[in-house]
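**Q** The following block contains the structure, expressed as structure tokens.
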Amino acid sequence: MAVDFEIRRLREAVVAGRIHWHAHALTRFLERGISRGEILAAVMRGEVVETYPEDRPFPSCLLFFHEVLPVHVVAAVDLDADIGHVITAYRPDLAHFEVDLKTRRVKP
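Using the numbering used here, read the sequence shown as starting at -7 and increasing by one per residue.
Next up, the structure:
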């Protein structure tokens, strides 16, 4: 599991209501049949499976959560302003991920 992302700070921001839903994310949720509730559950209880410390303007991570259907959420946290950012969400598939739906397949 990736541990170099400030997941605690992201979750604290979300609990405090300091969350920015990016327009791209909202559009993708609707297209993919993913609810805000499912996204919030993924942020609050999901597992960090990848981190992207070089992402700008804020480091981000890929969260995996599986309750009814598996979901991946890409989120970031602005550590200075204590604001969480939901960037996108999608259903992982076996074309891109191993059977655990957490590990990326190696491209041939």
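Each residue gets a CB set at the ideal place from its N, CA and C atoms; glycine is no exception.
What is the rounded straight-line gap between the Cα of Arg96 and the Cα of Phe21?
**A** Rounded to whole angstroms, Arg96 to Phe21 spans 22 Å at the Cα level.
**Q** Which class does His58 belong to by DSSP, given the choice of helix, strand or coil?
**A** Reduced to three states, the DSSP call for His58 is strand.
**Q** If Val69 sits next to Leu55, beta carbons under 8 Å apart, how far is it from one beta carbon to the other, in whole angstroms?
**A** Between Leu55 and Val69 the Cβ distance is about 12 Å, and since that is not below 8 Å, they are no contact.
**Q** Indicate whether Ala81 and Ile26 have their beta-carbon atoms separated by less than 8 Å.
**A** Yes. Within cutoff.
**Q** What span of residues does the alpha helix (DSSP H) with Val7 cover, start to end?
**A** Element bounds for Val7: -1 to 7.
**Q** Take Phe89 as the anchor and find which of Asp72, Ile79, Val63, Gly76 has the nearest alpha-carbon.
**A** The candidate whose alpha carbon is nearest that of Phe89 is Val63.
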